[in-house]
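Visitor:
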Amino acid sequence: MPLKTASIKSLFTKEISLLAIILYLVEFVRGAALIGFLPIYGKETLGLDLDVIGAAITAHYLIDTALKLGMGYLVHRFPVKKIINIGLLASLIGMALIGWADVPWIFISAAGLYGLGISPIWIYCLTKVKEESRGAQMGFLYMIWLVGLGSGPVVLNLVLVHSEMASYWIMVLVSAGAWLLSLMIPKEAHAEVAAVPFRKQLAVLGTHLKDMRLLLPGMILQTLAAGMLQPILPSFVKDHLGMASWQYTLLLLAGGGFTALGLIPMGRLSDKLGKKWFLVVGFLMFGIALYGLTLSPVTMLAFIWAVTLGLSYAAVLPAWNALLAAYVPPEQKGLGWGVLSAVEGVGGLLGPIIGGFAATGFGEPSVVLSTAVIFAVIGVIYLLFPFRLFRGETPAQRM
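According to my numbering, the sequence shown is numbered sequentially starting from 11.
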């Protein structure tokens, strides 16, 4: 059977299909909340400053990142169904509280509580990725993730123009739907990895983290830059690009749509051609496109830059995550992805609060310009460092 056919069938098993639907619903709400609802509702309706909004997004990522450190351990030792179900129930409660968060500490706490449900479903999906087709399967998972993350803000912005409460209830109902679907996960569901003593797992993983120490700055910087944009993006588009809400919605569609369309093809190409140049060109173009947006371009040019951002992101994600996957020992995928995701999450944790404070003090364009510089620097770093894994060599081959 051809590899392509086999990998497609493995992607669409009954369990993977159910997990993909749950993942989509979770990311739909997360995208709607973090990219649209929290910044817009928090600033325009509740009158909160961007630093408070940034702190709320940071609280979300703080909980998410903290759980990732232990999530791999949990999926090895407790029923996956129970872990996912409890996490999604906590997220539903957090989302329900956001609509009534009329003081900053409640607003921040509710956003943090919502972060409890993200890690279980995402880490478990990652344990299902097959070694022989990492790029393509990572592309599939990230396509589901990005379609959810992108369609959430689009739907939210269309509804938010007419009714803030309607947009809020959509998020609550979709969160409830994800939780209810998690009840359908088979009781016998388990992470497809062998049981290894926790101390041994940490020791082996520590060796791999040491081996990939040159990649760690890039892991943190890219999520830091992306996080800085989250609390300021809606107001930047409205105040500095002069776009209406419906135009902002189309801008998100352009960027997110081209990312989703490009993920699987880019993943397959990176498997064939190697990962280095997808990372170098992708990050450099990301920086250039963000810089272009700071120049207050006309609407058509802004959409061209959004498409460039989408395609650049599609080039980077499968190559980057397939590269990271080479450092995760096959027998301890849950723990490995949990720790690596937590390392990446450090940047996402700091980014929103830094972006919020910087925007409050210096304005939204300064934040976008700063992130453009960060992404360009990451591209140059990957151009200069000749990582052996860019040529397809795994850590195991060097040990």
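Using N, Cα and C, we set each Cβ at its ideal position, and we do this for glycine too.
Which of helix, strand or coil does DSSP assign to residue 376?
Guide: Indexing the sequence shown from 1 puts residue 376 at position 366. The answer is helix: DSSP assigns residue 376 an H, G or I state.
Visitor: Just to confirm my understanding: we take residue 247, look at its own chain, exclude 5 residues before and 5 after, and list those with CB closer than 7 Å. What are they?
Guide: On the sequence shown, position 237 is the one that residue 247 refers to. Residues of the same chain with a CB within less than 7 Å of the CB of residue 247, apart from the 5 flanking positions on each side, are 253, 258 and 261 in chain order.
Visitor: Does the structure place the region 173-193 close enough to the region 57-69 that three or more beta carbon pairs sit under 8 Å?
Guide: no
Visitor: At the level of alpha carbons, what is the spacing between residue 186 and residue 76?
Guide: As a first step, residue 186 must be located in the sequence shown, where it is residue number 176. As a first step, residue 76 must be located in the sequence shown, where it is residue number 66. If you take the alpha carbons of residue 186 and residue 76, they lie about 24 Å apart.
Visitor: Could you check the C-alpha separation between residue 300 and residue 286 for me, to the nearest Å?
Guide: As a working mapping, residue 300 is identified with position 290 in the sequence shown. As a working mapping, residue 286 is identified with position 276 in the sequence shown. Using only the alpha carbons, I get a separation of about 22 Å.
Visitor: The alpha helix (DSSP H) with residue 278 in it runs from where to where?
Guide: If you number the sequence shown from 1, residue 278 lands on position 268. Taken as a continuous stretch (DSSP letters only), the alpha helix (DSSP H) holding residue 278 covers 255-283.
Visitor: Do residue 306 and the ligand MG come close, with the Cβ less than 7 Å from some heavy atom?
Guide: The ligand MG is not part of the structure shown, which contains no ligands of any sort.
Visitor: With distances taken Cα to Cα, identify the nearest neighbour of residue 63 among 160, 369 and 96.
Guide: Locating residue 63 in the sequence shown gives position 53, where the first residue counts as 1. It is 369 whose Cα lies nearest to the Cα of residue 63.
Visitor: Check whether the Cβ atoms of residue 162 and residue 66 lie closer than 8 Å to each other.
Guide: Sequence index remark: in the sequence shown, residue 162 carries index 152 (1-based). Sequence index remark: in the sequence shown, residue 66 carries index 56 (1-based). No. Outside cutoff.
Visitor: What span of residues does the alpha helix (DSSP H) with residue 317 cover, start to end?
Guide: The residue labelled residue 317 in the question sits at position 307 within the sequence shown. Per DSSP, residue 317 belongs to the alpha helix (DSSP H) from 309-335.
Visitor: By Cβ distance below 7 Å, which residues in the same chain neighbour residue 188 in space, the five residues on each side in sequence not counted?
Guide: On the sequence shown, residue 188 is found 178 positions in, with the first residue counted as 1. Around residue 188: 32, 35, 36 and 98.
Visitor: Let me confirm a value: residue 87 is counted as buried when at least 16 other C-beta atoms fall within 10 Å, else exposed. Which label applies?
Guide: By 1-based counting over the sequence shown, the position of residue 87 is 77. Exposed, since its Cβ has fewer than 16 Cβ neighbours within 10 Å.
Visitor: Hey, could you find the ends of the alpha helix (DSSP H) residue 290 is sitting in?
Guide: Position 280 of the sequence shown, counting from 1, holds the residue named residue 290. From DSSP, the alpha helix (DSSP H) with residue 290 extends over 286-304.
Visitor: With distances taken from CA atoms, which of 44, 250 and 38 is nearest residue 70?
Guide: Residue 70 sits at position 60 when you count from the first residue of the sequence shown. Residue 44 is the option with its Cα nearest to residue 70.
Visitor: According to DSSP, is residue 111 part of a helix, a strand, or is it coil?
Guide: On the sequence shown, position 101 is the one that residue 111 refers to. The answer is coil: DSSP assigns residue 111 none of H, G, I, E or B.
Visitor: Once DSSP output is grouped into helix, strand and coil, what is the label at residue 183?
Guide: Here residue 183 refers to the residue found at position 173 when the sequence shown is read from its first residue. Residue 183: helix per DSSP, three-state reduction.
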